[in-house]
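Q: Numbering (this note's numbering), first residue to last: 1 to 529. The C-beta atom is built at its ideal place from N, Cα and C for all residues, glycine as well.
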Amino acid sequence: WPAARAGAGAAPAPAALPLAQGESTGTFTILVDGSTPDLDPHSQYDNQASMILLGVYEMLVRYKGESTEEIEPMLAESWETSADGTAVTFTIFPDVLFHNGTVCDAEAVRASFERFLLMDMGPVNVIKRFVQDPAQIEVVDPLTVRFNLGRPQPLFLPAMASSYGPMVADASLVAEHQTEEDPWANEWFRKDAVGTGPYQLTENDEMSQVVLTKFDDYHGGWEQPHFDQIVIRVVEEVGSRRQLLETGDADATLLNLTPDIVDELRSNADLQVVPYDSTAVFWVTMNAERLKTAEARRGFSYAFPYEEVTESAYRGLIVRSGPLANNIRGYDPDIFLYETDLDQAKELILAGGFAEGDSFDYMFPSGDEVERTIAQLFQANVQQIGFNLELVEVERGTLLDLTYGDAPAEERPMFFGGQGWWPDYNDPWNQFVPNFTDRAADGEANAGLWLNPRFEEIMAEAEVYTDEAQLVELMKEAQNILTEQDPPAIYYGQLLWYTVLRNDIQGFVPNGLYLNAFPFWQMSRLVED
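#1: Verify whether the separation of the beta carbon atoms of F354 and I490 is less than 8 Å.
#2: Compare the beta carbon distance of R298 and P487 with 8 Å and say whether it is the shorter of the two.
#3: Please report whether the beta-carbon of A252 lies at a distance below 8 Å from any beta-carbon of chain D.
#4: So, at 6 Å on beta carbons, what are the nonlocal neighbours of Y314 in its own chain, with the 5 sequence-adjacent residues on each side left out?
#5: Exposed or buried, what is G195 when buried is set at 16 or more other beta-carbons lying within 10 Å of its beta-carbon?
#6: What is the rounded straight-line gap between the Cα of D33 and the Cα of V235?
#7: T91 and P172 - do their beta-carbons sit closer together than 8 Å?
#8: Determine, using beta carbons only, whether M160 and P166 come nearer to each other than 8 Å.
#9: Please check the pair T68 and N435, which I expect to be a contact at CB under 8 Å, by giving their CB distance rounded to whole angstroms.
#10: Smallest Cα separation from Q470: which of I458, N480 and I481?
#11: Taking I318 as the reference, give the member of L324, A325 and T310 with the closest Cα.
#12: Would you mind sorting P413 into buried or exposed? The rule is 16 or more other CB atoms within 10 Å of its CB.
#13: Could you tell me whether the Cβ atoms of S321 and G493 are closer together than 8 Å?
#14: Apart from the five residues on each side of it in sequence, which residues of its chain come closer than 8 Å, Cβ to Cβ, to L271?
#15: Taking 7 Å as the limit between beta carbons, can you name the residues of its chain near L515, skipping five residues before and five after?
#16: What is the DSSP secondary structure of Q136, counted as helix, strand or coil?
#17: Give the DSSP-derived three-state secondary structure of S524 in the structure shown.
#18: Once the 5 residues before and after F215 are set aside, which same chain residues still bring their CB inside 8 Å of it?
#19: Cutting at 8 Å between CB atoms, please list the residues of its own chain near E114, excluding the five before and the five after it.
#20: Span of the beta strand (DSSP E) holding Y276?
#21: Which residues mark the beginning and the end of the beta strand (DSSP E) in which K476 is found?
#22: Nearest CA to the CA of F455: which residue from E444, T437 and L402?
#23: Quick one: Cα of E72 to Cα of M51, how far?
#24: Is Q229 closer than 8 Å to L212 when the C-beta atoms are compared?
#25: Do Q479 and I335 come within 8 Å of each other at the CB atom, strictly closer than that value?
#26: Since E390 and S366 are thought to touch, with beta carbons under 8 Å apart, how far apart are those beta carbons, to the nearest angstrom?
#27: Rounded to a whole number of angstroms, what is the C-alpha to C-alpha distance between R233 and Q384?
#28: Contact check, I505 vs D251 under 8 Å by CB: the rounded distance?
#29: Mind checking N452: buried by the 16 CB within 10 Å criterion, or exposed?
#30: Just mark Q243 as buried or exposed, buried being the case when its beta carbon has 16 or more other beta carbons within 10 Å.
#31: Over what stretch of residues does the alpha helix (DSSP H) that includes L245 continue unbroken?
#32: Under the rule that 16 or more other beta-carbon atoms within 10 Å means buried, what is F520, buried or exposed?
#33: Among the candidates A111, N125, R110 and D358, whose CA atom is the shortest distance from the CA of Y45?
#34: Taking all protein chains shown into account, decide if S162 is buried (16 or more other Cβ within 10 angstroms of its Cβ) or exposed.
#35: Report buried or exposed for K346, applying the criterion of at least 16 other Cβ atoms within 10 angstroms of its Cβ.
#36: May I have a chain-ordered list of the alpha helix (DSSP H) segments no shorter than 4 residues that lie completely inside the stretch 402-455?
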């Protein structure tokens, strides 16, 4: 997998016969490794749910193709930002229908965002950062809706293209399905879905499969070859997912095989293996209070086996990085990166307040062979310099409870394995704040309870920035604090995401911000010659 990018290693496509305009090419079957209990676009915060919902719902705008920068129309055919940058006006495509036949106009868009903001669940901060009050959303005419932002907000459009939250649902259904305990009908929307997208939800058995069926009245039309049906099938066992792909009983899977299997599938002429740059960065979180000092945390950063993790654990499906992916604004191409240096590691750990022979606990999720390999490689290096690393394998739910819960530092492990993040939209603030800021200020993923006053100041400035050059300078300093100066984590790489497809599938375009997603409406099956 060295230097794999944008479909490198994919098998050649077979010869194909031309298809008549609008011809169906059958069913597209995707394999997933677990259930999707929440399909409400305004409460779910999960990339598997987003993958399904990107077929059913639409945002006003989306990221174009593989770009994490360029925005294109989705439900809105055009938009305009006011001269002073304080308002953005969207013009919706005419004749748009929800799947139940209700007209989707400017008022429907306004009502959907009102529900999103007032329900105040899941991904609400994606938009609440810019628009706090539904009164800021104004219906100009039946096809025009304006968001009055109050001040210049350069990241509003990128946030509106996020697949977490700003999808337009038929909020008129709330009145029909609400209860006193559930005034926004969240329970109904978790299981049912009525959007304006190319496919409508026709079956939702979360433990077995979700079925999407072509919406004949989709405003984008069906002139191109397409699938009539999308099936998202739950198959928990990795060997079974591989077998179904190889026999042709399924068409695609994504990031749920082992690196070894992915490597082997590259030689299968019936399959395409498509790796691509994600925006996801992975790390080991360090417990800042139990590890005492920045010196000790720098020491363990030098003790980490970076090369072995890249080659042995990930088989090249990860590229060294700091805490920010190289395709996110504000990325510092000259960021300080640690290299394995065991002599330097020992010196700093001792200087940081520990003694030779001390023990440290490293917790990682059970059943994950990649994480187990990483833990064992790190353990060997730590032992080599005279310390003990005790590996603790726990259920993923237990690790998540410790990550997001209220346990004090002494009840948390010194190291949290298997940690990582990607932003909701192209913004470094959105990447850093949940993971590295004061937990009392909504930094709920800050598992290591790390706190750096200067970093807090930088994040406060970055939240309301208006000048791109200013953001770049702020992020350069922020990334240096997170790495060389006062590391809260050991950063080992930017993940190369991958999608595996049968070789007769065409139209797949990956995007690093829509991880695990498919451009369903643009995809079809080739007809073999």
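A: In terms of the structure at hand:
#1: Between F354 and I490, the C-beta gap is not smaller than 8 Å, which leaves the two residues out of contact.
#2: yes
#3: Of the protein chains in the structure, only one exists, and it is not chain D.
#4: P259
#5: Buried is the call here.
#6: 5 Å
#7: Sequence inspection shows Ser at residue 172; the Pro mentioned does not correspond to that position. For S172 and T91, no; Cβs fall outside 8 Å.
#8: yes
#9: That belief does not hold up - the Cβ atoms of T68 and N435 are roughly 19 Å apart, past 8 Å.
#10: I458
#11: Closest by C-alpha distance to I318, out of L324, A325 and T310, is T310.
#12: buried
#13: Here S321 is near G493, since their CB atoms are less than 8 Å apart.
#14: A11, L245, E246, L265, V500, L501, R502 and N503
#15: N47, S278, A280, W422 and W497
#16: Note: Q136 maps to helix in three-state DSSP.
#17: Here S524 carries a strand assignment [DSSP, helix/strand/coil].
#18: Counting only Cβ-Cβ distances below 8 Å, and skipping sequence neighbours, we find H99, G197, P198, Y199 and Q200.
#19: P134, I137 and A171
#20: L271 to M286
#21: Note, K476: premise wrong, no beta strand (DSSP E); alpha helix (DSSP H) at E468 to N480.
#22: The option with the nearest alpha carbon to F455 is T437.
#23: 19 Å
#24: Cβ distance < 8 Å, so L212 and Q229 count as in contact.
#25: yes
#26: That pair is no contact at about 15 Å.
#27: C-alpha separation (whole angstroms): 45 Å.
#28: 6 Å
#29: buried
#30: The residue is exposed, with fewer than 16 neighbouring Cβ atoms inside 10 Å.
#31: V238 to T247
#32: buried
#33: The candidate whose alpha carbon is nearest that of Y45 is N125.
#34: buried
#35: Label assigned to K346: buried.
#36: 428-436
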